[in-house]
Amino acid sequence: MIYIHWIVLVAYTLVAIAALIRVLMENRQPAKTMAWALILLFMPLVGIVLYFFFGQRTRKDRQIWQNSLDQITKRAMLEFVEQRNLSLPDEHKELISLFMNQNWALPFKNNEMEVYRNGYEFFPALLAEISQARHHIHFISYIIDDDPLGNLLADALIAKAREGVEIRLIYDDVGSWKTKERFFERMREEGIDIHPFMPVRFPLFTSKVNYRNHRKLCVVDGTVGFIGGMNVALRYVKGNEKQPWRDTHIKIKGYGVYGLQRAFLLDWFFVDRTLISDRKYYPTMNVGQNDVLAQIVTSNPTGQWPEIEQGYIKILLSAKRYVYMETPYFLPTEPILFAMRTAAVSGVDVRLLIPLRADSKIVEWASRSFVLEAARAGVKIMLYKQGFNHSKLLVSDDTLCTIGSTNVDFRSFENAFEANAFFYDKTMALKVKEIYLEDEAYSVSLESVKDITQRTFLQRLWESVIRLLSPLL
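See the structure below:
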């Protein structure tokens, strides 16, 4: 028995050394490398668990992902799409090129959009489009709950499957952890093709728990699509007794749907290893001619660059007059915080709207030091008080805006599979600006909330300690 102690100690030491070598060989930012080295060295056992959960990078599928991206783009979108007289706005050519060069995110004109500000508006519109499907329905959601709303969606999809409509559905295995398998099996029995994203069976022994598909999008017949922040759960309609739910989702009709289709088919290849690039999934559009440009941008931890994060940085540093942002969670990466500070100090009107009360207390604590740091640079912080604001949107200079699934936090920018729609159009930008200003009218300024601005030393110390966990939240 005396040797068991030494065997365990030697085994742990070897695992810790292997993990440390792996962290060093990944050539991360020195601060992150040092942080993980200290965790592994000075937090026995707990450090190893944290590393396996949150520290490993998912890069082994990059080549597979890149090959499928190239094939889907070149065999489908580039072959079938012809955009005559496409004109890119001069002030945003660099941003558009940035997204195109990163992952073939092509801009498309001839789009019509409708914005939904809550579940009461969005879900009836979604179900109405599903009811009109004739060929296929492609659906991704981070959360699909087995509640009345989830079952309403399941019934609608089953009805279309019985009519012969092709239906493919992806749900995130961690986001939908509480949903029993029988809920999805009921749809499978009706011929609906369903896959969980990165199933996690033994969380302690896999890094998959850290890399989740946070996208929320739907494509109907290749001509109508939805993208935004709302998952399929009743709380996205009702909220709860203490906090009504505020969120933003958008419907796109037009060639921008091609970008949504490509995003789905890439994820489908990831979960099913089936490469779908048939022309029938990119049909000719029956929409009016206009110059409303839409660009669907995705980001994921297998990519070479943090695409959406780089886009946000570019917007902040290129803005001439203002950048207004809404996010439910503000745990920014250092490049984002640097860009916000730089823009604000340069005289740009940078505003950040977040919930007055987060849905997670630990996230609220971790966020405070970042919020105060941004405020010191001149960023105007607004705290939404009419419930929980889950919107993820940005608008700048009355010329561009974006709506999608991306939060301004480490997890969205570095670890999650995200998707945002970027629009280069004055009318659309003014619409999103109006939404922001209406939300701001239901908010209070940071300076007026004394329990944030006037905290005790122990409170500030606690928040600084919790801030260290921000990459994990």
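Residue numbers for the sequence shown follow this note's numbering, so the first one is 319 and each next one is one higher.
Cβ atoms here follow ideal geometry from the backbone N, Cα and C, with glycine treated the same way.
Computed from a predicted model, the values in this text were never measured in an experiment.
Can you tell me whether residue i is buried or exposed, with buried defined as 16 or more other CB within 10 angstroms of its CB?
i	result
Thr-592	exposed
Pro-650	buried
Ala-581	buried
Lys-378	Low per-residue confidence applies at Lys-378: pLDDT is 45, beneath 50, and the placement is therefore not dependable enough to give any value.
Ser-405	exposed
Pro-517	exposed
Leu-413	buried
Glu-756	exposed
Ser-449	exposed
Arg-669	buried
Phe-523	Summary for Phe-523: the model assigns pLDDT 43, below 50, so the residue's position carries little reliability, and this model does not support an answer.
Glu-627	buried
So the candidates are the options; which of them puts its Cα closest to the Cα of residue i?
i	options	result
Asp-715	Gly-547, Val-666, Val-726	Val-666
Ile-753	Thr-717, Val-713, Asp-727, Ser-763	Val-713
Glu-499	Gly-557, Pro-466, Ile-462, Tyr-599	Ile-462
Val-433	Ser-709, Val-537, Ala-662	Ser-709
Gly-606	Tyr-573, Tyr-600, Ser-595	Tyr-573
Asp-408	Asp-565, Ala-551, Thr-717	Thr-717
Val-792	Glu-765, Phe-706, Val-762, Glu-652	For residue 792 there is no data in the structure shown, the boundaries of the chain being 319 and 791.
Val-575	Asp-590, Thr-602, Leu-552	Thr-602
Ala-443	Val-538, Ser-687, Tyr-460, Pro-619	Val-538
Glu-644	Ile-721, Glu-765, Tyr-529	Ile-721
Thr-616	Arg-435, Phe-426, Asn-738	Asn-738
Arg-530	Gly-493, Phe-426, Ser-687, Phe-587	Gly-493
Gly-557	Arg-480, Asn-604, Ile-510, Ala-676	Ala-676
Lys-638	Trp-623, Asn-618, Thr-660, Gln-622	Thr-660
In terms of DSSP beta bridges, what is residue i paired with?
i	result
Asn-738	Val-615, Gly-722
Lys-571	Glu-430, Val-542
Phe-515	Asp-490
His-454	Glu-484
Val-537	His-456, Gly-543
Anyone know if the C-beta pair for residue i and residue j falls short of 8 Å?
i	j	result
Glu-732	Gln-420	no
Phe-544	Lys-569	yes
Gln-704	Tyr-647	no
Leu-671	Glu-736	no
Val-610	Met-700	no
Ser-723	Gly-547	yes
Val-697	Ala-657	no
Thr-497	Asp-473	no
Val-550	Leu-475	no
Thr-620	Arg-435	no
Phe-706	Trp-586	no
Cys-536	Phe-588	no
Leu-764	Ala-693	yes
Tyr-600	Gln-579	yes
Return the CA-CA distance between residue i and residue j, expressed in angstroms with no decimal places.
i	j	result
Leu-655	Glu-503	44 Å
Leu-674	Asn-428	38 Å
Glu-439	Gly-482	28 Å
Phe-417	Glu-508	39 Å
Gly-437	Phe-740	22 Å
Val-555	Ile-322	55 Å
Leu-748	Leu-635	20 Å
Arg-533	Leu-424	19 Å
Ala-684	Tyr-489	28 Å
Glu-447	Val-750	23 Å
Pro-521	Trp-495	Here Pro-521 scores only 48 on pLDDT, less than 50, and its place in the model should not be relied on; the value that follows carries that caveat. About 12 Å.
Pro-514	Leu-584	14 Å
Leu-487	Arg-597	20 Å
Would you please verify whether the beta carbon of residue i is less than 8 Å from any beta carbon of chain C?
i	result
Ile-594	Absent here is chain C; the protein component of the structure consists of one chain.
Closer than 7 Å to a non-hydrogen atom of the ligand HEM - does that hold for the CB of residue i?
i	result
Lys-498	Only the bare structure without any ligand can be found here, which leaves the ligand HEM out of the picture.
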